[in-house]
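So that you can map any letter, position 362 of the sequence shown is 568 in the numbering used here, and since no number is skipped, the others follow by simple counting.
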Amino acid sequence: MNRPTALAPPIRARSPRPGTTLSVASLGTFVALVAFCAPLGNMPTVAAALSAGPAAQTWILSSMSVGLAAVLLTAGALADDYGRRRVFHWGAWLLAVGAVVGAVSQEPVLFIVGRLIQGVAGAALIAASLGAVAHAFTTPAARATASGIWGASVGAGIAVGPVLAGLLDLAGWWRGLYWALAVASLVIGQVATRALAESRSAVPKRIDVPGAVTLCAAMVLVLVALVEGRQGNTAATVLCGVGAAVFTLAFVAVERRRPFPMLDLALFRRRDFLAATLAALATGAGIIGLMSFACTFLVKTMHVSTLAAAGVIALWSGTSVVASLLARRLPARLAGSPQLVIGLAGVGVAMLTMTGLSPDSSLLRLVPGLLLAGVASGLLNAGLGRQAVASVPADQGGLGSGANNTARYLGSSIGVTVVSIIALDPAGTVDGMVSGWNHAAVTTGLISLVGAGVVGVLVRGAAVRR
207 MNRPTALAPP IRARSPRPGT TLSVASLGTF VALVAFCAPL GNMPTVAAAL
257 SAGPAAQTWI LSSMSVGLAA VLLTAGALAD DYGRRRVFHW GAWLLAVGAV
307 VGAVSQEPVL FIVGRLIQGV AGAALIAASL GAVAHAFTTP AARATASGIW
357 GASVGAGIAV GPVLAGLLDL AGWWRGLYWA LAVASLVIGQ VATRALAESR
407 SAVPKRIDVP GAVTLCAAMV LVLVALVEGR QGNTAATVLC GVGAAVFTLA
457 FVAVERRRPF PMLDLALFRR RDFLAATLAA LATGAGIIGL MSFACTFLVK
507 TMHVSTLAAA GVIALWSGTS VVASLLARRL PARLAGSPQL VIGLAGVGVA
557 MLTMTGLSPD SSLLRLVPGL LLAGVASGLL NAGLGRQAVA SVPADQGGLG
607 SGANNTARYL GSSIGVTVVS IIALDPAGTV DGMVSGWNHA AVTTGLISLV
657 GAGVVGVLVR GAAVRR
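Shown next as structure tokens:
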């Protein structure tokens, strides 16, 4: 029987210090996102140093997503039940291990293993951090401010990762980024141990092993199917897709029978939870999917350096940082779930403005769309962070964070796959890649606009019910 237990010791820790909690949580999230986005800034150099072929390069870019999406929900549930500080601490140390593996790798398989470890570690950091923030900030106004700052750390990590990788690439020391990540992770883990107050659910539960195993298997198989699909491996894609469906059904069956499941499926009957989850999925499949291809597109069609391409993308991610910080100034009627609708609609329109390019187009042609996408993404990052914890019971903030970010990174894997299929020209011609970009921007823009419409219907329905 899976019933509440007193395995976790009673909390004797000091009361949470909101400012300290937010600072440490945001820093941990920032480092996880730097690690996640780093390969975008130096992929050609890493591929050459490791003798990585096209298939290995695909896995280098995708492997951290696999680790993140597979473990986020489990990490969030563990953080709620066994201590958010504890899970955050071990996530930081594990990220250091993964970074060291990446730094010393001499061939692609070991580097990919390091990226998988970084993904698992990042899942622990992200899920535990947002759960800790939700525990420390309890009023709607305080949570709005805190979620804006936490959302800014997401955008900052996305902005800094590729630029830092590009700078170290120019210095001839691409491995230095991973050594720096290892040191930063160790420092964050130590600071978290000393500075964070422990928090957990008032009624901790035993680990839902069957639920965790079936969910992780389903997520891994979905993502492997997407990665293999990008490489044209039809047999592996179909096999993994069928396996994912089987494990998903098994997960649902297991959770329905557990007296205290890892994920209460009744949450999906809550319109605000469903809206936040679908908004995260659309965010990943839309703007993140397109921006993951942007660096390759700029380097190959506009013949800029990887550092310059990272700088262009930073117009989007950097603007999102500012917008996240200012999101708390939104009128109350627009904050929360309506904010998600505005953000998705904004990124959808922004991506549509980045279509119609020709081989002669300049970088300036993309600037308005990147800036608009940055503002809208900032609203999304802040809103998703807020609604991830506001849409679940108060003592399940880690679970809410895990579910929301699982949807985001699963969506990004879907988006990257769709964009790769649409945008990559087998012949590698400039005309073909520009045409592919235009089609990909339209597709991801429509994904975001449809997402905005669906979330809007759910939000309106929730308001009517109240």
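Built from N, CA and C at the ideal position, the CB exists for glycine as well.
Where the alpha helix (DSSP H) through residue i begins and ends
i, result
"phenylalanine 453", "440-463"
"threonine 489", "477-489"
"glutamate 313", "First-last for glutamate 313: undefined, no H or E at that position."
"aspartate 601", "Counting along the chain, aspartate 601 falls outside any alpha helix (DSSP H), and DSSP gives it neither H nor E."
"glutamine 437", "Where glutamine 437 is concerned, there is no enclosing alpha helix (DSSP H), given that its DSSP letter is neither H nor E."
"valine 510", "Segment: none, valine 510 is in no alpha helix (DSSP H) and carries neither H nor E."
"glutamine 242", "First, the residue type needs correcting, since residue 242 is phenylalanine and not glutamine in the sequence shown. From DSSP, the alpha helix (DSSP H) with phenylalanine 242 extends over 224-243."
"serine 405", "Taken as a continuous stretch (DSSP letters only), serine 405 belongs to no alpha helix (DSSP H), as it is neither H nor E."
"alanine 371", "346-376"
"proline 250", "249-256"
"arginine 592", "573-596"
"leucine 473", "Taken as a continuous stretch (DSSP letters only), leucine 473 belongs to no alpha helix (DSSP H), as it is neither H nor E."
"glycine 282", "260-288"
Simplified DSSP state of residue i, which is helix, strand or coil
i, result
"alanine 658", "helix"
"arginine 218", "Any reading at arginine 218 is ruled out, since the residue's pLDDT is 44, under 50, leaving its predicted position unreliable."
"asparagine 611", "helix"
"phenylalanine 503", "helix"
"threonine 561", "coil"
"serine 568", "coil"
"alanine 538", "helix"
"glycine 606", "helix"
"phenylalanine 343", "coil"
Nonlocal neighbours in the same chain, by C-beta distance under 7 Å from residue i, ignoring five residues either side
i, result
"leucine 563", "Arg571, Val640, Trp643, Asn644"
"valine 581", "Thr525, Ala529, Gly552"
"alanine 418", "Thr280, Met468"
"valine 665", "Ala481, Ser543, Pro544, Val547"
Residue i versus residue j - alpha carbon distance
i, j, result
"leucine 487", "serine 619", "10 Å"
"threonine 649", "alanine 538", "32 Å"
"proline 210", "arginine 291", "A caution first: proline 210 carries a pLDDT of 43, below 50, which makes its placement in the model too unreliable to give a value."
"serine 405", "aspartate 286", "8 Å"
"glycine 549", "cysteine 243", "22 Å"
"leucine 578", "alanine 556", "6 Å"
"aspartate 470", "leucine 504", "44 Å"
"alanine 459", "proline 467", "11 Å"
"proline 416", "leucine 540", "40 Å"
"leucine 421", "isoleucine 627", "27 Å"
"phenylalanine 479", "valine 661", "10 Å"
"glutamine 263", "glycine 367", "18 Å"
"glycine 150", "leucine 370", "Residue 150 cannot be examined here, being either before or after the span of the chain that is shown, 207 to 672."
"glutamine 602", "alanine 408", "10 Å"
"threonine 559", "leucine 455", "40 Å"
"phenylalanine 453", "phenylalanine 236", "32 Å"
"threonine 226", "leucine 605", "22 Å"
"leucine 429", "isoleucine 494", "16 Å"
"proline 346", "serine 568", "44 Å"
"valine 527", "leucine 576", "13 Å"
"leucine 445", "proline 599", "37 Å"
"arginine 462", "phenylalanine 294", "29 Å"
Supposed close pair residue i, residue j - CB separation, criterion 8 Å
i, j, result
"phenylalanine 457", "alanine 424", "6 Å"
"alanine 398", "valine 230", "5 Å"
"tryptophan 296", "alanine 330", "6 Å"
"valine 307", "glycine 289", "About 26 Å separates the two Cβ atoms, so there is no contact after all."
"alanine 594", "leucine 336", "6 Å"
"leucine 655", "glycine 589", "Contact flag wrong, Cβ pair sits at about 17 Å."
"leucine 513", "leucine 373", "7 Å"
"valine 326", "glycine 273", "4 Å"
"serine 607", "glycine 282", "5 Å"
"valine 622", "serine 498", "5 Å"
"tryptophan 356", "glycine 617", "In fact, because the Cβ distance is near 19 Å, the residues do not count as touching under 8 Å."
"proline 245", "leucine 267", "6 Å"
"alanine 646", "leucine 496", "6 Å"
"alanine 401", "leucine 427", "Actually they do not touch by this definition, with Cβ atoms about 39 Å apart."
"alanine 298", "glycine 382", "Actually they do not touch by this definition, with Cβ atoms about 20 Å apart."
Nonlocal neighbours in the same chain, by C-beta distance under 6 Å from residue i, ignoring five residues either side
i, result
"alanine 500", "Ile519"
"phenylalanine 317", "Leu256, Gly308, Ser311"
"leucine 387", "Ala241, Ala305"
"valine 510", "Leu504"
"glycine 328", "Ala238, Leu274"
"threonine 443", "Ala431, Glu434, Gly435"
"proline 216", "Because the pLDDT at proline 216 is just 41, under 50, the model does not fix this residue reliably, and the value given afterwards should be weighed accordingly. Here the set comprises nothing."
"alanine 533", "Gly354, Leu585, Ala588"
"alanine 302", "Ala388, Ser391, Leu392"
Residues of its chain near residue i, where Cβ-Cβ distance is below 8 Å and the 5 sequence neighbours each way are ignored
i, result
"proline 224", "Ala342, Phe343, Ala348, Ala352"
"lysine 506", "Gly634, Val636, Met639"
"leucine 484", "Ala613, Gly657, Val660, Val661, Leu664"
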